[in-house]
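Report on one structure; see the data block that follows.
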Amino acid sequence: MDSRSNQSSSAGQSNNLTRNKGAAQQIKEAQRLLTELGYDPGPVDGGYGRRTADAVKTFQRDIGSVQNGEINEELLILMRKASIAYRSLLGSQPKRQ
4 MDSRSNQSSS
14 AGQSNNLTRN
24 KGAAQQIKEA
34 QRLLTELGYD
44 PGPVDGGYGR
54 RTADAVKTFQ
64 RDIGSVQNGE
74 INEELLILMR
84 KASIAYRSLL
94 GSQPKRQ
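My numbering puts the first residue of the sequence shown at 4, with every later residue one more than the last.
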């Protein structure tokens, strides 16, 4: 393998938060948002396991995105927006008496 393919591989990995060791906080945020939205990513611990991957893929399917299970900044933005919209919808529901 030459150094150019090694560099491009490294660049791709740095953009993919699921493979970045420093991404535990982003994964934890995704897990928290997925839980708020009714998905089951497992414990909100910053670990990227099977349940988190499945929840991410389900969210991606539900929003019409490619189902690759990758957590990146673009996906986090979409999750944040969905969470805000969901909370807004819940807040506008009439309260039961």
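Backbone N, C-alpha and C fix where the C-beta goes; we use that ideal spot for every residue, glycine too.
To the nearest angstrom, how far is it from the Cα of residue i to the Cα of residue j?
i: S68; j: A58; result: 13 Å
i: G15; j: S86; result: Note that G15 scores a pLDDT of 48, beneath 50, so its modelled location is shaky; the value from the coordinates is reported in the next line. About 28 Å.
i: R90; j: A26; result: 26 Å
i: G52; j: G94; result: 32 Å
i: Q70; j: Q63; result: 5 Å
i: M82; j: R54; result: 17 Å
i: L40; j: L92; result: 12 Å
i: G45; j: Q34; result: 8 Å
i: T61; j: T38; result: 12 Å
Where do the ends of the alpha helix (DSSP H) carrying residue i lie?
i: A33; result: 27-39
Cutting at 8 Å between CB atoms, please list the residues of its own chain near residue i, excluding the five before and the five after it.
i: I66; result: L81, A85
i: V47; result: K31, Q34, R35, T38
So, at 7 Å on beta carbons, what are the nonlocal neighbours of residue i in its own chain, with the 5 sequence-adjacent residues on each side left out?
i: D43; result: R54, A58
i: Q28; result: G49
Got a sec? Which residues, its chain only, sit under 6 Å from residue i by beta carbon, not counting five neighbours each side?
i: A56; result: G72
i: L36; result: M82, S86
*Which residue spans inside the segment 50-78 form an unbroken alpha helix (DSSP H) run of at least 4?*
53-65
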